[in-house]
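Below: the structure, in structure tokens.
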Amino acid sequence: MAPRSEQEEVLQAVVIADSFNERFKPLTANRPRCLLPLLNVPLIEYTLEFLATSGVEEVFVVCCAHSEAIKDYIKKSRWQNSILPRVKIVVSQELLSVGDALREIDSKQLLQSDFVLVSGDVVSNVDLSSTIQEHRRRRKETDKDAIMTMVLRQASVNHRSRARGEESVFMLDGSTNECIHWESMTPFPPKGFASLDTERIGNRKEIAVFNDLIDCQIDICSVDVPALFTENFDWQELRRDFLKGVLESELLGKTIYCHLLKSHYAARVATPHMYDAVSKDVLARWSYPMVPESNMLVDHTYKYSRPHIYKENGVKLAITADLEENVAIGKDTIVGDNSRILNSVIGRNCRIGARVVIQDAYIWDGTIIEDDCIISKCIIDCNVHIKAKVKVESGSLIAQKVVIGPDITIARNSKIYGDEDGRPLQIEESEDSDDEEVDARNVALGFIGEEWTFDSDVECDVNSESDESDASDAGETEDENDWKREAEATLERAFNEGHSIDIAALELNTLKMAMNISFHDLRKISIPSILKLIDLSKIPQSLDQVLKRWGKLLLKFSHNEEDQIDCLRILEDFCVIHENYVKFVSRILHGLYDLDVLSEDAIIKWHQSLKSAPEPKSKIREAAQALVQWLQEAEEEDDDEDDEDED
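Each residue of the sequence shown is one higher than the one before, counting from 1059 in the working numbering.
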């Protein structure tokens, strides 16, 4: 039985609610960043849910600016009466940095033991339980001087959810993941190498160099961390001051480790660019189960439909309105005729006029957009009125209650405020940094729609004559387009080299785990790839051969009736694009039915769902009619035989 003190140890967390910068201004003029809506849910909800999932029992939310708004939100939220975790607000009006926040925590002596440190803008589906146990075990058994474990996520250097302008290089002990060097590698001014003092290598046989890590500042800390900030009053930032200071100090004698996530999702909404990236990741379900239809807020009513469309109750769409993909729309919003929405989030009670194009944009509650507007790569606050024929260019941030137009263009990277009389005041985006040491060009990379590619060629300069240290590059978790290409290449290799079903499934499942994708994603890639093997000039022979050879691969990714209906939806979408397959739908379905990939009930339910579908889906339904009728008649005959047996 564990000692009493260990049993009663409470897992605590510190959430830094203040951002200590103005990157989202004017959106944060009247509220803190942690209360900005991401897919119509305040950011702090994602952070608190993530901590609750990780078993945190007590959360201290440290705030300075807009502290009353945060206290009021928590008081009215589900967290007010939450037993686990208990959420407590710590207010200090004199905080200027993360360092100040931790010094405040230290002065109040609130922390009992190891704790989780995060910002109030973190979105993650990681369960930290095992990582926290690893951290505690390390401190107890192998390294009593280990004071922090940084949780980092691997991703390709040009992944959309990397915080651009804040790149860095981590050098780790290849066997223990102890961090021995950290260096900022921001793009401006360009820096093509990182330097490591050879004394830090010591007797290590392997050094792993990473420039592909997403650091969203999820840290597991000992109680020594706030105390060190108190002792070093000039430390302001976690990485540039604390991490660098600990690693370079010979006197402190403390160590810091890294935990590398090879699956799961974690990101921090630190800039407008990251707001856009994380929103798209949540829409694409990388953050599952933190997705819109989980309805994190009590009054939310989102329902999911393909392709990544989320709608609340009361949404009214004109019959000619087009929600293309990756769209979320809040309750009681109206979208007019011939309007098109793509990769965007619309809040509640919005009014979208006719012939409006909204792409890669975020429209918050109560906003009105009149006819013939083009809204692209921007964030529009609550209760804005955009009149007819207005074009909003990328990077723009528009504050609440502003009236714009008609018939004007809002320039790229503009910030629009409203004055006291309601007249709009346009201010061009300033590239001034909140920190004099940060090049303004790095700050500009945080704007929505700013195009840029990171140069991944970083040289490691180690001043040593020894050949004992090896540098190894980290593996990469590719972005969405990359995993699709990789999955398609895996299937093509299986087809060309004649792999068995088991081997092909194993390779795809390995890809699934490595790249954090779903069985739906595997079905979405596999079904079209298999169908494209069919030679339509040699029906039925080619169709029968292909399905006999590869059809059972789908059994590996379909485990219930819901999965089977998803297969049918994917087939349906494929036939919409490739109309020459439509006339063979019945034979394809029959072949998959014979292989037990599709059940009779799944086929009939899918067919019934297309009852009022317009063309070309109505043609697909007609093409499947013969098979469905055969299945229904066969079922009736079985029922009759059963009745006769009973008689």
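Every residue gets a Cβ at the ideal spot worked out from N, C-alpha and C, and that includes glycine.
Since the model is a prediction, treat every value here as computed from it, not as a measurement.
Closest Cα partner of residue i within the set the options
i, options, result
"H1358", "K1134, W1293, R1406 and D1560", "R1406"
"N1471", "K1449, D1465 and V1461", "K1449"
"V1283", "R1218, Q1170, Q1191 and M1354", "Q1170"
"L1650", "C1625, A1671, T1256 and H1636", "C1625"
"R1645", "I1635, Q1603, S1150 and F1615", "Q1603"
"S1182", "E1257, T1111 and P1143", "T1111"
"V1336", "H1443, I1506, N1269 and Q1138", "I1506"
"F1173", "S1187, Q1138, R1409 and D1292", "S1187"
"A1681", "A1412, D1652 and Y1639", "Y1639"
"W1240", "L1400, W1293, V1304 and E1115", "V1304"
"F1118", "N1567, I1163 and L1154", "I1163"
"I1276", "L1109, I1421 and Y1131", "L1109"
"M1348", "I1102, V1634 and K1641", "I1102"
"Q1748", "V1686, D1652, E1673 and L1656", "Only positions 1059 to 1705 of the chain appear in this structure, which leaves residue 1748 out of reach."
"G1232", "A1071, A1221 and R1262", "R1262"
"I1387", "G1411, E1637, I1421 and L1153", "I1421"
"A1562", "M1571, K1614, K1596 and K1590", "K1614"
Collapsed DSSP secondary structure at residue i in the structure displayed
i, result
"C1316", "strand"
"L1589", "helix"
"D1334", "helix"
"S1514", "With a pLDDT of 45 at S1514, under the threshold of 50, the predicted position of this residue should be treated as unreliable, and no value is reported."
"V1686", "helix"
"Q1170", "coil"
"C1625", "helix"
"K1582", "helix"
"P1084", "coil"
"A1266", "strand"
"C1274", "strand"
"F1642", "helix"
"Q1138", "coil"
"E1658", "helix"
"D1076", "coil"
"P1100", "strand"
"E1630", "helix"
"G1311", "coil"
"M1571", "helix"
"Q1599", "helix"
"K1677", "helix"
"Q1417", "strand"
"V1184", "coil"
"V1450", "strand"
"L1594", "helix"
"I1410", "strand"
Close beta carbons around residue i, own chain, < 8 Å, minus the five adjacent residues each side
i, result
"W1541", "L1569, M1573, I1575 and D1579"
"E1486", "Low confidence applies to E1486: its pLDDT is 49, below 50, so where it sits in the model is not reliable, and the reading given next is rough at best. Closer than 8 Å at the Cβ level, and outside the excluded window around E1486, lie A1469, N1471, S1472 and K1473."
The ligand ZN heavy atom lying under 7 Å from the CB of residue i
i, result
"S1644", "Absent from the structure shown: the ligand ZN. Ligands present: none."
Other residues of its chain near residue i: CB distance less than 6 Å, five sequence neighbours each side excluded
i, result
"K1459", "N1441 and G1476"
"R1197", "A1204"
"I1392", "K1374 and R1409"
"E1258", "The question names Glu, but residue 1258 in the sequence shown is Arg. If we look at R1258 and ignore the five residues flanking it on each side, its Cβ neighbours are I1238."
"D1437", "According to the sequence displayed, residue 1437 carries Ile and not Asp. Taken in chain order, the residues that qualify are Y1420 and L1455."
Within 8 Å, strictly: CB atoms of residue i and residue j
i, j, result
"R1326", "L1271", "no"
"S1774", "S1219", "With the chain covering 1059 to 1705 only, the question about residue 1774 has no answer from this structure."
"E1295", "G1394", "no"
"H1443", "I1426", "yes"
"L1069", "V1209", "no"
"L1085", "L1094", "yes"
"D1179", "C1092", "yes"
"C1121", "L1230", "no"
"V1414", "D1429", "yes"
"V1149", "W1137", "no"
"L1341", "N1384", "yes"
"F1300", "R1161", "no"
"V1461", "H1322", "no"
"G1463", "K1447", "yes"
"E1107", "P1143", "no"
Residues near residue i in its chain [Cβ-Cβ closer than 7 Å; skip 5 each side]
i, result
"G1533", "With a pLDDT of 34 at G1533, under the threshold of 50, the modelled position of that residue is not reliable, and the figure given next carries that caveat. Correct list, in chain order: Q1212."
"D1492", "Low per-residue confidence applies at D1492: pLDDT is 46, beneath 50, and the placement is therefore not dependable, though the value from the model is reported in the following sentence. If we look at D1492 and ignore the five residues flanking it on each side, its Cβ neighbours are N1079 and E1080."
"L1566", "A1545, T1548 and L1580"
Which residues DSSP lists as bridging residue i, in chain order
i, result
"H1443", "I1426 and V1461"
"C1237", "L1230"
"A1159", "In DSSP, A1159 forms no bridge with anything."
"Q1212", "L1271"
"P1365", "Per DSSP, none; premise fails for P1365."
"F1784", "Residue 1784 is absent from the structure shown; the chain starts at 1059 and stops at 1705."
"I1466", "None; I1466 has no bridge partner."
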